[in-house]
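Reminder that position 30 of the sequence shown reads as 1432 in the numbering used here, one-by-one numbering, no gaps. Below is one structure; the comments refer to it alone.
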Amino acid sequence: MRLSLRVNGEARTVDGLWPGESLLYVLRERLGLPGSKNACEQGECGSCSVWLDGVLACACLVAAGQAEGAEVVTVEGLADGGELDPVQAAFVEAGAVQCGFCTPGLVVAARDLLTRSPDPGDAEIREALAGNLCRCTGYEKILDAVRQAARARR
1403 MRLSLRVNGE ARTVDGLWPG ESLLYVLRER LGLPGSKNAC EQGECGSCSV WLDGVLACAC
1463 LVAAGQAEGA EVVTVEGLAD GGELDPVQAA FVEAGAVQCG FCTPGLVVAA RDLLTRSPDP
1523 GDAEIREALA GNLCRCTGYE KILDAVRQAA RARR
């Protein structure tokens, strides 16, 4: 099977897909984009969060064939050249990056929130990140990073 899609603004084609292959597998193993992490493979942890045609999605739950002709943005696609996206920079500056496994999904989810709501309150931030699990922190630095990114984007 052949898959044609745009990833981080670039047209990409992948040949030889097998029917059950996930978008996450395609991104990581076939396209060399390891930012989206493979953790639960059940859509429960948010580590593989990407934008699929502008909608936040768990790439582990998307069959690769469903992404035919789609626009996918991964955490790698948020940076502008060598400059980090304000959300990425805020996570670093706030110390919200621990082991880093959940960070890409949290960054994409936080960026999605700030795209929809430039000045979210704490309850809105918590709701937007509820689908992302972190086993290293108490989440406070992650919340600080989202608040900081919101200020930086204004």
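Note that the Cβ used here is the ideal one computed from N, Cα and C, for glycine as well.
DSSP three-state call for residue i: helix, strand or coil?
i, result
"Ala1511", "helix"
"Ala1498", "coil"
"Asp1546", "helix"
"Arg1408", "strand"
"Ala1532", "coil"
"Asp1487", "coil"
"Thr1415", "strand"
"Asp1524", "helix"
Just how far apart, CA to CA, sit residue i and residue j?
i, j, result
"Ala1461", "Asn1534", "13 Å"
"Asn1440", "Ser1424", "11 Å"
"Arg1556", "Trp1420", "44 Å"
"Ala1554", "Leu1429", "30 Å"
"Gly1502", "Gly1484", "19 Å"
"Asp1417", "Leu1426", "15 Å"
"Val1464", "Glu1443", "10 Å"
"Gly1434", "Glu1412", "13 Å"
"Lys1543", "Ala1532", "15 Å"
"Arg1432", "Ser1449", "18 Å"
"Leu1515", "Asp1482", "19 Å"
"Leu1405", "Val1477", "21 Å"
"Pro1522", "Gly1507", "18 Å"
"Cys1447", "Val1509", "13 Å"
For residue i, count the other beta carbons within 10 Å of its own beta carbon; 16 or more makes it buried, fewer makes it exposed. Which is it?
i, result
"Asp1487", "buried"
"Arg1513", "buried"
"Ala1530", "buried"
"Ser1438", "buried"
"Gly1422", "exposed"
"Val1499", "buried"
How many whole angstroms separate the CB atoms of residue i and residue j, which I take to be in contact at a CB cut-off of 8 Å?
i, j, result
"Leu1545", "Gly1471", "The pair is not a contact, with the Cβ atoms about 36 Å apart (cut-off 8 Å)."
"Leu1458", "Val1474", "Contact flag wrong, Cβ pair sits at about 12 Å."
"Ala1491", "Ser1451", "About 19 Å; that fails the 8 Å criterion."
"Ala1547", "Pro1520", "With a Cβ gap of about 16 Å, Ala1547 and Pro1520 do not count as contacting."
Output yes if chain B places a C-beta closer than 8 Å to the C-beta of residue i; else output no.
i, result
"Leu1419", "Included in the structure is just one protein chain, with no chain B present."
Practice prompt. Please specify which runs of the beta strand (DSSP E), each continuous and at least 3 residues long, are wholly inside the region 1423–1478, giving them in chain order.
Written response: Here the runs fully enclosed are 1451–1454, 1457–1460, 1473–1475.
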